[in-house]
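Encoded as structure tokens, the structure appears first; notes follow it.
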Amino acid sequence: MSFDWGTAAEMALVLMAWSLLYRDNVFYRVAENLTIGWFMAMSLVIGLDLLRTRVYNPLFIEGRWLSPLIIVTILGLFYLLRLYRETRWLARWPISLMAGVASAVAVKGVIYAQIIRLVTMKSWAVGGLETINNIIIAVFTFTGLCYFIFTKEHRGVLGYLAGFGRYALMICFGWTAGTYLMSLISMSVGHMQTLMQVPGIYVSAVAMIILIIGIIYDIKVKPKI
Amino acid sequence: MSFRKWISERINQDRTIFLIYLLLIAIPMLRPIGLPLPIEEPTRKAYELLEKVPKGGVIVLVSDEGFPSWAELGPGEIAVYRHAFRKVRQDGCKVIMLTCYEIAGMILGERALSYVDLTGLKYGEDWVQLGYIPGYEAVLAAMMTDLKSIAPVDKFGTPTKDIPMLKNINSIDDYDFLYACTYTAMDVYIRQWGEKALAKGVPIVINMLSGTVPLAMPYYRAGTLTAYLNSVVAGAGYELLIGQPGMGAALMDAQSTAHILAIALIIFVQGLFILRLMGGRR
Amino acid sequence: MIPAGKKFELILFLVLLGLLYVAIELSRRGIKVPKIRELAALQAIPEVVGRAAELNRPVHISTGIGGLSDEWAPMTIAGMAILRNVVEYCGKLGVPVKYFCIRAHMLPAMQDLVRSGYVKGGRPEIYSEDMVEFIGDGQQRALMAAMMGYITREKPAANILLGATFYETYISLGCGAVQGCLQIAGTPRLYYQGILVALADYPLIGQELYAAAAKVTGNPPDLGSIAGQDYNTVVCLILIVISTILATIGSALWNMLLKW
Amino acid sequence: MLSLRRREICILLYIIPAAIILINHFTGELSAATSEVLLWASTLATFAILLGVINLFQHHITILARRRREWPYSTILLASFIVTFAFNYIYPTGYDFVINRLLASLQMALLAYVGFYSYTLFFRASGTKNPYVLILLISILLGLFYNLPMRDVIWTGWGPLGKWVNDVPNTGGMNALVIGVGIGTIALFIRTILGYEESYLGG
Numbered sequence: 000m001s002f003d004w005g006t007a008a009e010m011a012l013v014l015m016a017w018s019l020l021y022r023d024n025v026f027y028r029v030a031e032n033l034t035i036g037w038f039m040a041m042s043l044v045i046g047l048d049l050l051r052t053r054v055y056n057p058l059f060i061e062g063r064w065l066s067p068l069i070i071v072t073i074l075g076l077f078y079l080l081r082l083y084r085e086t087r088w089l090a091r092w093p094i095s096l097m098a099g100v101a102s103a104v105a106v107k108g109v110i111y112a113q114i115i116r117l118v119t120m121k122s123w124a125v126g127g128l129e130t131i132n133n134i135i136i137a138v139f140t141f142t143g144l145c146y147f148i149f150t151k152e153h154r155g156v157l158g159y160l161a162g163f164g165r166y167a168l169m170i171c172f173g174w175t176a177g178t179y180l181m182s183l184i185s186m187s188v189g190h191m192q193t194l195m196q197v198p199g200i201y202v203s204a205v206a207m208i209i210l211i212i213g214i215i216y217d218i219k220v221k222p223k224i
Numbered sequence: 000m001s002f003r004k005w006i007s008e009r010i011n012q013d014r015t016i017f018l019i020y021l022l023l024i025a026i027p028m029l030r031p032i033g034l035p036l037p038i039e040e041p042t043r044k045a046y047e048l049l050e051k052v053p054k055g056g057v058i059v060l061v062s063d064e065g066f067p068s069w070a071e072l073g074p075g076e077i078a079v080y081r082h083a084f085r086k087v088r089q090d091g092c093k094v095i096m097l098t099c100y101e102i103a104g105m106i107l108g109e110r111a112l113s114y115v116d117l118t119g120l121k122y123g124e125d126w127v128q129l130g131y132i133p134g135y136e137a138v139l140a141a142m143m144t145d146l147k148s149i150a151p152v153d154k155f156g157t158p159t160k161d162i163p164m165l166k167n168i169n170s171i172d173d174y175d176f177l178y179a180c181t182y183t184a185m186d187v188y189i190r191q192w193g194e195k196a197l198a199k200g201v202p203i204v205i206n207m208l209s210g211t212v213p214l215a216m217p218y219y220r221a222g223t224l225t226a227y228l229n230s231v232v233a234g235a236g237y238e239l240l241i242g243q244p245g246m247g248a249a250l251m252d253a254q255s256t257a258h259i260l261a262i263a264l265i266i267f268v269q270g271l272f273i274l275r276l277m278g279g280r281r
Numbered sequence: 000m001i002p003a004g005k006k007f008e009l010i011l012f013l014v015l016l017g018l019l020y021v022a023i024e025l026s027r028r029g030i031k032v033p034k035i036r037e038l039a040a041l042q043a044i045p046e047v048v049g050r051a052a053e054l055n056r057p058v059h060i061s062t063g064i065g066g067l068s069d070e071w072a073p074m075t076i077a078g079m080a081i082l083r084n085v086v087e088y089c090g091k092l093g094v095p096v097k098y099f100c101i102r103a104h105m106l107p108a109m110q111d112l113v114r115s116g117y118v119k120g121g122r123p124e125i126y127s128e129d130m131v132e133f134i135g136d137g138q139q140r141a142l143m144a145a146m147m148g149y150i151t152r153e154k155p156a157a158n159i160l161l162g163a164t165f166y167e168t169y170i171s172l173g174c175g176a177v178q179g180c181l182q183i184a185g186t187p188r189l190y191y192q193g194i195l196v197a198l199a200d201y202p203l204i205g206q207e208l209y210a211a212a213a214k215v216t217g218n219p220p221d222l223g224s225i226a227g228q229d230y231n232t233v234v235c236l237i238l239i240v241i242s243t244i245l246a247t248i249g250s251a252l253w254n255m256l257l258k259w
Numbered sequence: 000m001l002s003l004r005r006r007e008i009c010i011l012l013y014i015i016p017a018a019i020i021l022i023n024h025f026t027g028e029l030s031a032a033t034s035e036v037l038l039w040a041s042t043l044a045t046f047a048i049l050l051g052v053i054n055l056f057q058h059h060i061t062i063l064a065r066r067r068r069e070w071p072y073s074t075i076l077l078a079s080f081i082v083t084f085a086f087n088y089i090y091p092t093g094y095d096f097v098i099n100r101l102l103a104s105l106q107m108a109l110l111a112y113v114g115f116y117s118y119t120l121f122f123r124a125s126g127t128k129n130p131y132v133l134i135l136l137i138s139i140l141l142g143l144f145y146n147l148p149m150r151d152v153i154w155t156g157w158g159p160l161g162k163w164v165n166d167v168p169n170t171g172g173m174n175a176l177v178i179g180v181g182i183g184t185i186a187l188f189i190r191t192i193l194g195y196e197e198s199y200l201g202g
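Protein chains in written order, with numbering that gives the first Met the number 0: chain U, 0 to 224; chain V, 0 to 281; chain P, 0 to 259; chain H, 0 to 202.
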């Protein structure tokens, strides 16, 4: 088994990260700060690379000074002025522009994909299981939406519809919570895979031994947790 | 002292469950049991859609997963990359890779690419990596109409105007397959691609966390989302479909056993709770 | 001028915008200020804080990791509006509050929210500087670790989580449920609706957070916006009925409308 | 100078790109302007990345300068930042190793512990709620069994039953939620145009 330093370093870091499961300790804090530092370095490297290809090259090498790029660069520099209290208000211009683009792009997508397509219901006269499915979906969508009416008290017909809508949403949320838990399980199981291959197996063995000792310690010695 | 009191006092529940969890996962990973694996209908549909991409078609692979979700989305991502590059080799398709949510997506996209053997394929003619383009939804909207304007250069700095492959590829009219791998909500991709892709008949396939699959059902039923991969279960299924079992298949047994423990615990805890309620004590 | 398939979309968009604009203007000018229905979570605030006073335990409040100047700002603002009401009750009953802040620019805003809550509640002497604790900028794991530690150590009587919350929803509500706190939680983010309903005693589902914030602040434009959203919901309900009827009688009118 | 600070400029900077994009969406014209505006947003996002890094750098430098409580951790953070950043230009293979191997596996491990913690948390937490949540419990169990890879071993009915719940009742409820969120997005859009959303524009 070739013992290369890369895997050893990786395993050491993973063990430092998982030491939190035992309790918060120095190793965990070091691992956390290392990862923030590396993430910052990666962001800076890629940020500067993007800046070079999108702003520096066109401006200084291709000399496109009169193009709208010069306005964007100035707005970008305003954005960096958010760091200082006096010039903080200048940064609101680029933020407003970005917010304008983000909202418009979102809204233009919402009308078709999230409203028109979802409001289109299917026929109730197809026959067999398909009809029942279409009926259930139409009723659940209708009553679910009635539940989201806020400026009218849920009494009378609306109260009945919204009450049923709450049950419809409850089934939907229960199902989402169930699949969410499965997502958590497969996330943690997936990470186990790295610890079950050759170099990581020792780390897991050590972890298991510590756990067993911990449990025995709880039973024998410590009366009350 | 009653057994129930002894359990709750002397045993630290977290550690015990954690130990059982570790054992249940370790056993199948060291000695695979080979439990049967159901392949879902959307996974099969995603496979057929990629298989049906015409000769010389353009496949767009957007990798927006994050580090924590690599364990879940990795198997599916690697299987789709292997299948896409097999199409490049057989049918001369073109592959465009890009990332628009966060930098981690680009790194994990490269990691998935490292599982594919690229011998005999030429960068710039068979596949292009556009790297990380900041802007998330603005990039997804812009790539539908004018790809070269939002991505002036590729990851290595060569201008997209000069890349031979991208000469006549610039908008939705030139794409034949849209794939995204995301660990946040998938409605952003459907909002930006849905309308135009549906009009052109271009399929949209999204590899998503199993926690977000229920959120995608309205789009799947409305037809804007053509097919989806339900995280690692679908990843393992897709690996079987392309005949190259790998990371996903190995995880399946461990998934099952860890899952059984979860279901057993939830029934045990809820059962206790309901019994206590029947007994009148809240 | 307008290509095929876009006319109906444009008309619907203008109708939705128009209804919203009319509702907001009517409410702003005071002609028709809408009243929002009773929301279980808002009615529960006095009971939750009262229980905290009886048990003489603190209340843990949080707005998640959303900031005030990114796309999650509206959710955070709505969460803060409700928390202002909660802190006021805490001031009246003399209950200490704890908030972990992980956005540097939110620190001053939260400090004066908590301080003014206690002043308005009539017990300014209870307010202390460490009620709003700053734990590093934008570090979700730091917030999760801090919440886990605080809830398991201090065992607060109530755990209130409102705003743009991400993975810490699960951690905070899970710890709170284990420690037996009464929990009010609300976020419009779709991903965590299941967890809210499963683990919180008084969940605010989907858009209810905005409605609750508008009800608490009573600010006419917000109330008008909620009323406008209700008119849009009614428009969608009508469209659902129409599309169902058209589909059932088998007429292709609906598809023609979409392709018009 | 004061007039430059007014809100209307921010709202104008919000409305002009929004109008360009929406007009292009509905009429198809102004496509060149739309591409330009989207490129602007993408370029400004690049500056946002730099701001994040500088902000964090400043924060830790002040901790170091004032010898606050956790200054040793800040030195580790800044050291790893500077070394890795320098590696990119003097020793690229080292940079790739640190980012692709160390950072990736460390980030996965750091969030894996959350997976473990949530594993145990869900059971103990879900056992304390009122019985009204019985519907919730049944659909949670169904969700778990449907996603179980070896479900056919226990009962072959889980697949079709789970698929039906996923495709029909869940879709109905989720339709209502997604339409609600869609309407909320449009409401936020118009409130910002009318100037009632101060903070959204960085206020």
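We put the CB at the ideal spot given by N, CA and C, even for glycine.
If you're wondering where the values come from, they're calculated on a predicted model, not measured in any experiment.
Query	Result
Candidates V:Leu29, V:Thr144 and V:Ala103: closest to Gly73 of chain V by CA position	V:Ala103
Contact set between Pro236 of chain P and chain U, taken where Cβ atoms lie within less than 8 angstroms	The residue asked about is misnamed: residue 236 of chain P is Leu in this sequence, not Pro. By Cβ distance, chain U contributes Phe141, Leu144 and Cys145.
Unbroken beta strand (DSSP E) run spanning Thr98 of chain V, endpoints	Lys93 to Thr98
Neighbour flag for Gly224 of chain P against chain H, beta carbons, 8 angstroms	The residue you asked about is not Gly; residue 224 of chain P is Ser in the sequence shown. Output row for Ser224 of chain P: interface = yes.
Rounded C-alpha distance that separates Ala11 of chain U from Gly213 of chain U	22 angstroms
Met0 of chain U burial status per 10 Å Cβ neighbour count (16 or more: buried)	Bear in mind that the predicted position of Met0 of chain U carries a pLDDT of just 46, short of 50, making it too unreliable to give a figure here.
Rounded straight-line distance, which links the Cα of Ser138 of chain H to that of Pro130 of chain H	Any reading at Pro130 of chain H must be qualified, since the residue scores a pLDDT of 46, below 50, and its modelled position is unreliable; the value itself is stated next. Approximately 14 angstroms between the Cα atoms of the pair.
Within chain H, partners of Met185 of chain V - CB distance below 7 angstroms	Those within 7 angstroms of Met185 of chain V in chain H number zero; the least Cβ separation is about 11 angstroms.
Within-8 angstroms CB hit, Val196 of chain P to chain U	yes
Chain U residues whose Cβ lies nearer than 9 angstroms to that of Asn99 of chain H	Within 9 angstroms Cβ-Cβ: nothing; Asn99 of chain H doesn't reach chain U, min ~10 angstroms.
Beta bridge counterpart(s) of Lys97 of chain P as assigned by DSSP	P:His59
Alpha helix (DSSP H) segment containing Gly120 of chain P, residue limits	Leu106 to Gly120
is_contact[Ala186 of chain H, chain U] using C-beta, thresh 8 angstroms	no
Between the CA atoms of Arg154 of chain U and Glu47 of chain V - distance to the nearest angstrom	50 angstroms
Cβ contact (3+ pairs, closer than 8 angstroms) linking the segment 82-92 of chain V and the segment 115-122 of chain V	yes
Exposed unless 16 or more other CB atoms sit within 10 angstroms - verdict on Pro159 of chain H	exposed
Rounded C-alpha distance that separates Val54 of chain U from Tyr230 of chain P	46 angstroms
Members of the segment 1-20 of chain P near chain U, C-beta cut-off 7 angstroms	Glu8, Leu11 and Phe12
Alpha-carbon to alpha-carbon, Ile239 of chain P and Thr119 of chain U	7 angstroms
Straight-line gap, Ser230 of chain V to Ala176 of chain P (C-alpha atoms, nearest Å)	29 angstroms
Cross-strand partners of Gln182 of chain P (DSSP beta bridge)	P:Asn158
Best match in P:Leu18, P:Gly66 and P:Val86 for proximity to Val215 of chain P [C-alpha to C-alpha]	P:Val86
Residue range of the beta strand (DSSP E) that includes Met207 of chain V	Ile203 to Met207
Between the CA atoms of Trp174 of chain U and Thr247 of chain P - distance to the nearest angstrom	29 angstroms
Cβ neighbours of Val23 of chain V in the same chain (closer than 7 angstroms, five flanking residues each side left out)	With the sequence shown as reference, residue 23 of chain V is identified as Leu, and Val is not the correct amino acid for it. These residues qualify, in order along the chain: Thr256, Ala257 and Leu260.
Neighbourhood of Gly205 of chain P by C-beta, 8 angstroms cutoff - its chain only, sequence neighbours within 5 removed	Pro187, Leu189 and Gln192
C-beta contact flag for Thr223 of chain V and Tyr100 of chain V at 8 angstroms	no
Beta-carbon proximity check, Lys93 of chain V vs Val57 of chain V, cutoff 8 angstroms	yes
Among U:Leu144, U:Phe149 and U:Leu180, the one whose alpha carbon lies nearest that of Gly164 of chain U	U:Leu144
DSSP-derived helix/strand/coil call for Gln128 of chain V	strand
Endpoints, the alpha helix (DSSP H) within which Asp95 of chain H is located	Pro91 to Asp95
For Tyr201 of chain P, the nearest candidate out of P:Gly78, P:Pro219, P:Leu54 and P:Gln182 (CA to CA)	P:Gln182
Distance, Leu43 of chain H Cα to Leu195 of chain P Cα	35 angstroms
Chain-ordered chain V contacts of Leu189 of chain P [CB-CB under 9 angstroms]	Ala184, Asp186, Thr211 and Leu214
Any C-beta of chain P under 8 angstroms from that of Trp123 of chain U	yes
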